[in-house]
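Protein chains in written order, with our numbering: chain X, 639 to 1181; chain U, 11 to 112; chain B, 414 to 626.
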């Protein structure tokens, strides 16, 4: 894997100190260095995540007692709308690609930056502008949006709340995502180091590649959909208005044509991280490299074929319903391939139970539950009973939170020492995971049962029969939040005051572990020459 | 001596003569006249099909010659194919609902 | 120092050290064009659905649009595609003056398109046909939807023409100042790609809105 000289001359000469001729904040917010942009995204999205968590916390507080004691129904509607908008558009979708992808994609392929560094900075600015608009929409005329993050018509057109700004914000955020996708696709095609053929790339890069295709080809559809809501609110054309011949179902089609592939934007990079972490901590080469690489592409592709499963009870033709149901079952196959290959990788490995690995273990458990319940929802007959209930809420939280977010946390534990050159407390990290895991299951598992028993979603109150489960769920949210606070406090303390981290604390085999922690501004002293596939563990020295 | 890096795409466009562009333009004008003419004819449901077909031919000329796809490296053609496939899927699956609903 | 020759397996050309990567820029541009294509796809999808549901009413409404202006605008855009293609071919051959002349012509043709559109829309608006107009409110749902889509789609297309004109005009300046040259024509080539896409979208809009007779 090229020259392994960890150049000590770089100690102190790293991207954190290299201000590029500017001072203070300006050296960050005007930087085109992919590493700084990655950190900018990381900090901003974690800020929005904190807001989203607080909103969720408040929602669960409301659910402690039936009857809407804490919030008026209107306020509750605004809470779950904003919770969804912030978590989805400002945290999970930019998520791993914008933060860790930006930071590590060029390094993992042996490049000095992405293909379009200035476009990269522009992407982040669009993210900030969109995020600010979304927050500002809380305070504008009409009050916070109450339509749900799905903005379904006709309500989103008729409601007096500030849909216009919220939708505008989402539109801008969509562009941020599109530009990142264009940047990553071009980077991967054009900037791999000499010798790094397609099947010598790390699997994280493969996952970013598949994700980028979805970002480019799916996001514009929601762009036009949101634009049409704006047009409708401003000009009352009638395109989605049933009173004027419009068809609200067409809105749902357009919305989900993006929003289903969007969940693969969320999960594919996380699966890429899982491949990286498993091979590092099992100290074995990945089992079935090609299968995992190609399954990323397969998931991205099949993901375009299944959006109708969000619309089974809306009045689509029967033909469409069974086509979408069949295709939905199909998408589970490449995901299954990945899980089997990950498990096979661990067989006869020399497992190191470090925090990143434990997060991955939690992920496999939680994501599998989410995936299996997805099959129940994908089946037409059972979906009729379960759609729009708490069962769905539990399902997607197991996927997006237990799946994507847990791996986001795992990636933090894996890569922060590289990004900032300092190590956190491993023991505290493991304890925080325990709180997270227990709290998560307490919070969300009861929702499967409640949904099955008929509790609808997006309701500010509930029937007395659900009281016990709702309370367990709310207590779970407190345990979960405790875990989050402990985890982030530990990581922040580690970044600021932790022990110095070496170049390769975990024994990783991809290119980022061959350069100092934190990396130098130009990444590599000399662009490496790649001679073989990644994940060869025989030659690695753990420091 | 370092091997020449592939910085510019294979054709750089200069392989297309001015005359070729003008011929394509004439074809496009002719096809436009054709499609206007066909619109005046009474062929019922076929009108849309023929109109879209002619539009597809015109677009194909623009994409291949004006936009050079015909002369570019394979990667551009593959990319266009991927985009086309996704477009087809979006239309096909939506029509599976809208056109078949009772 | 021929490091490439020592690398195992396939020699991969890496553009990382280049300050300019023309092929990379072209790849990026095509990807952006795909996003534009998908943006309009959403509306073409709505058109297809509503035309299927309201075929008779779409037919009636379609008779109102001015086929002549539509055809004229089609010819204008097709010609502007020709002129921008020639402008690019010219600078690739180092013929700067020819390139500028044809690029300016392209911009003027773009303006002409917008002027036509202005007259066309003025006429329709004065006849009471505009989004949520009283006249449209009285007409059937299908007719109302036809014109809703008409304004939305040709409107969005028009915005793209405006953007194209702005970009191409600024490239005229760059050409004059020798910032676009025979050895580095990338900006003009990519802008040309954008302009051709705008033309292609109109190639499909034309029959759907203007050739209903």
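Think of the CB as a built atom: it goes at the ideal place given N, C-alpha and C, for glycine as much as any other residue. Bear in mind that the values here come from a model prediction, so they are computed numbers and not experimental data.
Cα-Cα separation, residue i to residue j
i              : j              : result
residue 50/U   : residue 680/X  : 60 Å
residue 62/U   : residue 793/X  : 35 Å
residue 924/X  : residue 1077/X : 32 Å
residue 479/B  : residue 623/B  : 7 Å
residue 1053/X : residue 1137/X : 15 Å
residue 809/X  : residue 595/B  : 38 Å
residue 667/X  : residue 743/X  : 20 Å
residue 799/X  : residue 727/X  : 19 Å
residue 616/B  : residue 579/B  : 22 Å
residue 647/X  : residue 828/X  : With a pLDDT of only 36 at residue 647/X, under 50, the local geometry of the prediction cannot be trusted, and the value read off the model is given with reservation. Going by the C-alpha atoms only, they are around 30 Å apart.
residue 44/U   : residue 57/U   : 12 Å
residue 437/B  : residue 965/X  : 35 Å
residue 1167/X : residue 1161/X : 14 Å
residue 736/X  : residue 861/X  : 19 Å
residue 740/X  : residue 843/X  : 11 Å
residue 766/X  : residue 814/X  : 9 Å
Contacts of residue i in chain B (Cβ-Cβ under 7 Å)
i             : result
residue 80/U  : Residues of chain B passing the Cβ test: none, with the nearest at roughly 13 Å.
residue 98/U  : Going along chain B, no residue has its Cβ under 7 Å from residue 98/U, so there is no contact; the nearest lies around 10 Å.
residue 68/U  : 616
residue 108/U : 462 and 465
Nonlocal neighbours in the same chain, by C-beta distance under 7 Å from residue i, ignoring five residues either side
i              : result
residue 542/B  : 477, 548, 549 and 560
residue 1008/X : 1033, 1036, 1037, 1040 and 1041
residue 67/U   : 41
residue 877/X  : 866, 870 and 884
Reduced DSSP secondary structure (H/G/I, E/B, other) of residue i
i              : result
residue 1182/X : Nothing about residue 1182/X can be reported from this structure: the residues present for chain X run from 639 to 1181 only.
residue 474/B  : helix
residue 1094/X : strand
residue 818/X  : helix
residue 1242/X : Residue 1242/X is absent from the model: chain X starts at 639 and stops at 1181.
residue 750/X  : coil
residue 1060/X : strand
residue 19/U   : Confidence at residue 19/U is low in this model, with a pLDDT of 46, below 50, so its placement is unreliable and the value that follows should be read with caution. Coil.
residue 42/U   : helix
residue 1027/X : strand
residue 949/X  : coil
residue 789/X  : coil
residue 624/B  : coil
residue 705/X  : coil
residue 1102/X : helix
residue 12/U   : Interpretation of residue 12/U is limited by its pLDDT of 41, a score under 50 that renders its predicted location unreliable; the figure taken from the coordinates is listed afterwards. In the structure shown, residue 12/U sits in coil (DSSP, three-state: anything other than H, G, I, E or B).
Closer than 7 Å at the beta carbon, the chain X residues around residue i
i            : result
residue 83/U : Chain X residues near residue 83/U: none, gap ~11 Å exceeds 7 Å.
Contact list for residue i against chain X, beta-carbon separation under 8 Å
i             : result
residue 103/U : 943, 945, 946, 958, 961 and 962
residue 597/B : By Cβ distance, chain X contributes nothing, its closest Cβ being about 17 Å from residue 597/B, past 8 Å.
residue 39/U  : None at all; the shortest Cβ gap to chain X is about 31 Å.
residue 561/B : 875, 876 and 877
Nonlocal neighbours in the same chain, by C-beta distance under 6 Å from residue i, ignoring five residues either side
i              : result
residue 1111/X : 1081 and 1084
residue 48/U   : 60
residue 811/X  : 727 and 768
residue 483/B  : 619 and 623
residue 435/B  : 599
Cβ-based neighbour list, residue i, same chain, cut-off 8 Å, excluding 5 preceding and 5 following
i             : result
residue 588/B : 504, 509, 512, 513, 516 and 601
residue 717/X : 693, 696, 697, 700 and 709
Contacts of residue i in chain B (Cβ-Cβ under 9 Å)
i            : result
residue 62/U : 617, 620 and 621
Under 7 Å by beta carbon: chain U residues contacting residue i
i             : result
residue 494/B : 72 and 76
residue 626/B : 49 and 50
residue 855/X : 93 and 96
residue 499/B : 28 and 31
residue 567/B : Neighbours of residue 567/B on chain U: none; closest Cβ ~15 Å, over 7 Å.
Neighbouring residues, chain C, relative to residue i (Cβ below 9 Å)
i             : result
residue 892/X : Although the question refers to chain C, the structure presented lacks it and instead comprises the protein chains X, U and B.
Under 9 Å by beta carbon: chain U residues contacting residue i
i             : result
residue 834/X : Chain U residues near residue 834/X: none, gap ~16 Å exceeds 9 Å.
Chain-ordered neighbours of residue i on chain B, where CB pairs are closer than 8 Å
i             : result
residue 46/U  : 480, 484 and 624
residue 794/X : Under the 8 Å cutoff, chain B gives no residues; its nearest Cβ is about 16 Å from residue 794/X.
Proximal residues of chain U, C-beta to C-beta of residue i below 8 Å
i             : result
residue 895/X : 100 and 104
How about the stretch 898-911 of chain X and the stretch 932-949 of chain X: do they share at least three Cβ pairs that are nearer than 8 Å?
-> yes
Would you check if there are 3 or more beta carbon pairs closer than 8 Å linking the stretch 959-974 of chain X to the stretch 1003-1021 of chain X?
-> yes
Using 8 Å as the Cβ pair cut-off and three pairs as the minimum, do the stretch 862-872 of chain X and the stretch 911-925 of chain X touch?
-> no
Inspect the CB distances between the stretch 824-839 of chain X and the stretch 435-449 of chain B and report whether three or more fall short of 8 Å.
-> yes
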